[in-house]
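According to UniProt numbering, the sequence shown is numbered sequentially starting from 1. Right, one structure below, let's go through it.
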Amino acid sequence: MEQSRRDDGLSAARRALQGKGKARCEDCREPIPRERRKAAPNAIRCVTCQTIFEKLKGRNHE
C-alpha cells in the first residue's frame, strides 16, 4: 500500500511538471469542470474530491 501511494505521488508530480491533469476525477470519475482544469492544469480530482483527499491526508499526518 505504501509503495502504491509513492507511485501515485510520483505520477502526480510528473503530470504537474508536464502541466497535464485529467478530464475526469481520479476518485469519483465525474468530469472535472473546464474552469478547474483551466485554473489548475495539473488537477486530477474535482474540487469536492480534492477537499476530501486533503482532509484525509491531514488526518494521516497527525
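We put the CB at the ideal spot given by N, CA and C, even for glycine.
Length of the line joining the Cα atoms of residue i and residue j
{"i": "Lys-57", "j": "Glu-35", "result": "25 Å"}
{"i": "Ile-32", "j": "Lys-20", "result": "13 Å"}
{"i": "Arg-59", "j": "Glu-2", "result": "16 Å"}
{"i": "Cys-46", "j": "Glu-30", "result": "8 Å"}
Where residue i falls, given that 16 or more other Cβ within 10 Å makes a residue buried
{"i": "Arg-24", "result": "exposed"}
{"i": "Ala-39", "result": "exposed"}
Residue span of the alpha helix (DSSP H) that contains residue i, given as start and end
{"i": "Ala-40", "result": "From DSSP, Ala-40 is part of no alpha helix (DSSP H); its letter is neither H nor E."}
{"i": "Cys-49", "result": "47-60"}
Under the three-state DSSP convention, the category residue i falls into
{"i": "Arg-5", "result": "helix"}
{"i": "Arg-34", "result": "helix"}
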